[in-house]
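Asker:
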Amino acid sequence: MGSSDDDPVVASYDVFLTDSEISRFVFQYLDRDEEFPYNDRNNQRPTQLRMKARTGIVEVDVPINTRGNYDVNKGLRYGEAMKKSRSSRDGGAYGMSGGFTAGGAAANSGGRVKMEGNGDVEILDNKRAVDSASLMRTQSLGGRVKPAEEGDPVYMLATFKNKNLHLSPVSSVVQFHPQLHHLDALDEMPKAKGRKRDDDDRPAESEARAIDIKVKGAEDGETNMVGGNLDLLKKMQEEKWKSYGWIDAETEDAWYTYESFMMHQEPETLPSMETNINSEDYLDKMSAPRIDPARPDLTGWAMKENRRRQRDGASQNENEQ
517 MGSSDDDPVV
527 ASYDVFLTDS
537 EISRFVFQYL
547 DRDEEFPYND
557 RNNQRPTQLR
567 MKARTGIVEV
577 DVPINTRGNY
587 DVNKGLRYGE
597 AMKKSRSSRD
607 GGAYGMSGGF
617 TAGGAAANSG
627 GRVKMEGNGD
637 VEILDNKRAV
647 DSASLMRTQS
657 LGGRVKPAEE
667 GDPVYMLATF
677 KNKNLHLSPV
687 SSVVQFHPQL
697 HHLDALDEMP
707 KAKGRKRDDD
717 DRPAESEARA
727 IDIKVKGAED
737 GETNMVGGNL
747 DLLKKMQEEK
757 WKSYGWIDAE
767 TEDAWYTYES
777 FMMHQEPETL
787 PSMETNINSE
797 DYLDKMSAPR
807 IDPARPDLTG
817 WAMKENRRRQ
827 RDGASQNENE
837 Q
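Under the numbering used here, the first residue of the sequence shown is numbered 517, with each subsequent residue one higher.
#1: My assumption, with CB atoms under 8 Å, is that residue 580 sits in contact with residue 652. Please give the rounded CB distance.
#2: Classify residue 682: buried if its beta carbon has 16 or more other beta carbons within 10 angstroms, exposed otherwise.
#3: Out of 822, 801 and 803, point me to the one whose CA is closest to residue 811's CA.
#4: What does DSSP give as the partner residue(s) for residue 573 in the beta ladder?
#5: Could you please give the first and the last residue of the uninterrupted alpha helix (DSSP H) stretch that includes residue 589?
#6: On the CB-based measure, 16 or more other CB atoms within 10 Å of its CB, does residue 662 come out buried or exposed?
#7: Assuming residue 770 is part of the beta strand (DSSP E), what are its boundary residues?
#8: Do the region 685-695 and the region 538-546 meet, that is, are 3 or more Cβ pairs less than 8 Å apart?
#9: Could you tell me the boundaries of the alpha helix (DSSP H) in which residue 698 lies?
#10: Within the continuous beta strand (DSSP E) that includes residue 677, where are the two ends?
#11: Could you please give the first and the last residue of the uninterrupted alpha helix (DSSP H) stretch that includes residue 545?
#12: How about residue 863 and residue 582: do their beta carbons lie closer than 8 Å?
#13: Could you work out which residue in 686, 570 and 575 is closest to residue 541 when comparing CA atoms only?
#14: Given this structure, state the Cα-to-Cα distance separating residue 763 from residue 665, to the nearest angstrom.
#15: Given a cut-off of 8 Å, decide if residue 576 and residue 565 are closer than it, judged by their beta-carbon atoms.
#16: Taking the C-alpha atoms as reference points, what is the distance between residue 570 and residue 689?
#17: By the three-class DSSP mapping on this structure, what secondary structure does residue 753 have?
#18: CB residue 786 to CB residue 552, shorter than 8 Å?
#19: Which residue wins for smallest C-alpha separation from residue 660, given the options 758, 573, 589 and 669?
#20: Decide if residue 744 is buried, meaning its Cβ has at least 16 other Cβ atoms within 10 Å, or exposed.
#21: Take the Cβ of residue 657 as the centre, count every other Cβ of all protein chains shown within 10 Å, and call the residue buried at 16 or more, exposed below.
#22: Nearest CA to the CA of residue 702: which residue from 595, 677, 831 and 759?
#23: Tell me the DSSP bridge mates of residue 682?
#24: In or out: residue 567 buried (at least 16 other Cβ within 10 Å) or exposed?
#25: How is residue 579 classed by DSSP in three states: helix, strand or coil?
#26: Is residue 789 closer than 8 Å to residue 677 when the C-beta atoms are compared?
#27: For the candidate residues 832, 697, 557 and 578, whose alpha-carbon lies nearest to that of residue 767?
#28: Helix, strand or coil for residue 785? Go by DSSP, reduced to three states.
Right under this line is the structure:
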């Protein structure tokens, strides 16, 4: 065994655990390069975050760069569909589960360029002026908060402040994927054709129809699973979105939140944690079972008990002498 000089201690920190009742989520954008985060610096700060807390659905709206690699014709087509969509206008349903809509103007949120005498227009690289209100300018990314189960890993967020290390438990890791709400809106458009319109700008309402899903030839276990999924989809549809604003990471408000919820302000007032396991038991739980060379049949707990009896016997003999 080498000396301690071969493996010197270069630093030591006091470790503190922050409030575990605060919800902290880690968002992972699977198709986004880590060098280009969604923030103000890249002109892609999310415009809105919305969540269905009971069913765990989360969506984020992020701006689309309309000045490069952007198909204006499709942008107008999808944007117009989103603007006229019954779901977008009245908070209806998108997708299989229903309720996957931002509702109202959120689907078309995004800045406009105000030009004198021309109204709200956008001038693109090809010098074509288009109506900004009809242009698809945001993309929705969606994910789901996975309910914690026994045996799941526990992730912590670490924050250093001087010689203190603050650990904050993560409520959930959410992986985001692009949502295709614009295709759902476009698919909804033909249903309004040929129907009576209230006015020139408002398409007729699509009729709400119940969907009857039948499952045939499923085993009992599969039936229960399908039934559970249908129940979850129903709950997703019924639950209302709750919207939140988005604060850029480099703003003063973000740093204030970071200071308030990621570290203790008065760590000296916190009680010290006490372990309920000794060093030997800890090593046994972290290592492979130990085997007594003198008694190969004894391992783990039995080996420790045998050694304890030997130590107790040796101590008793010394006292008698």
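Even for Gly, the Cβ is constructed at its ideal location relative to N, Cα and C.
Answerer: If we stick to the structure as given:
#1: Start at 1 with the first residue of the sequence shown, and residue 580 comes out as number 64. Start at 1 with the first residue of the sequence shown, and residue 652 comes out as number 136. Contact flag correct, Cβ pair sits at about 7 Å.
#2: Against the sequence shown, residue 682 aligns to sequence position 166. With 16 or more Cβ atoms within 10 Å of its Cβ, residue 682 is classed as buried.
#3: One-based indexing of the sequence shown puts residue 811 at position 295. Per the Cα distances, 822.
#4: Along the sequence shown, one-based indexing puts residue 573 at 57. Paired residues: 568 and 660.
#5: Sequence index remark: in the sequence shown, residue 589 carries index 73 (1-based). Segment 588-600, the alpha helix (DSSP H) holding residue 589.
#6: In the sequence shown, residue 662 corresponds to position 146, counting from 1. With fewer than 16 Cβ atoms within 10 Å of its Cβ, residue 662 is classed as exposed.
#7: On the sequence shown, position 254 is the one that residue 770 refers to. Per DSSP, residue 770 belongs to no beta strand (DSSP E); it is in the alpha helix (DSSP H), 768-777.
#8: yes
#9: Taking the first residue of the sequence shown as 1, we reach residue 698 at position 182. That run of the alpha helix (DSSP H) goes 697-704.
#10: Taking the first residue of the sequence shown as position 1, residue 677 is located at position 161. Where residue 677 is concerned, the enclosing beta strand (DSSP E) stretches over 672-677.
#11: Here residue 545 refers to the residue found at position 29 of the sequence shown. Note, residue 545: premise wrong, no alpha helix (DSSP H); beta strand (DSSP E) at 541-545.
#12: No statement about residue 863 is possible, as the shown extent of the chain runs from 517 to 837 and does not include it.
#13: Residue numbering aside, residue 541 sits at position 25 when the sequence shown is read from its first letter. For the residues 686, 570 and 575, the minimum Cα distance to residue 541 belongs to 686.
#14: Looking up residue 763 in the sequence shown gives position 247. Looking up residue 665 in the sequence shown gives position 149. Roughly 31 Å separates the two Cα atoms.
#15: As a working mapping, residue 565 is identified with position 49 in the sequence shown. As a working mapping, residue 576 is identified with position 60 in the sequence shown. For the 8 Å CB-CB criterion, residue 565 and residue 576 form a contact.
#16: Within the sequence shown, the letter at position 54 stands for residue 570. Within the sequence shown, the letter at position 173 stands for residue 689. If I take the Cα positions, the gap works out to 16 Å.
#17: By 1-based counting over the sequence shown, the position of residue 753 is 237. Helix, per DSSP.
#18: To locate residue 786, count along the sequence shown from 1; it is residue 270. To locate residue 552, count along the sequence shown from 1; it is residue 36. Cβ atoms of residue 786 and residue 552: not closer than 8 Å.
#19: Here the question's residue 660 lines up with position 144 in the sequence shown. Measuring from the Cα of residue 660, the nearest candidate turns out to be 573.
#20: Looking up residue 744 in the sequence shown gives position 228. With fewer than 16 Cβ atoms within 10 Å of its Cβ, residue 744 is classed as exposed.
#21: Along the sequence shown, one-based indexing puts residue 657 at 141. Buried is the call here.
#22: In the sequence shown, counting from the first residue as 1, residue 702 sits at position 186. If we check each option's Cα against that of residue 702, 595 comes out closest.
#23: Taking the first residue of the sequence shown as 1, we reach residue 682 at position 166. BP columns for residue 682 point to 532 and 675.
#24: The residue you call residue 567 lines up with position 51 of the sequence shown. With 16 or more Cβ atoms within 10 Å of its Cβ, residue 567 is classed as buried.
#25: Sequence index remark: in the sequence shown, residue 579 carries index 63 (1-based). Residue 579 falls in the strand class under three-state DSSP.
#26: One-based indexing of the sequence shown puts residue 677 at position 161. One-based indexing of the sequence shown puts residue 789 at position 273. Not a contact, by the Cβ cut-off of 8 Å.
#27: Counted from its first residue, the sequence shown places residue 767 at position 251. Restricting attention to 832, 697, 557 and 578, the CA atom closest to the CA of residue 767 is found in 557.
#28: Taking the sequence shown and counting its residues from 1, one reaches residue 785 at position 269. Reduced to three states, the DSSP call for residue 785 is helix.
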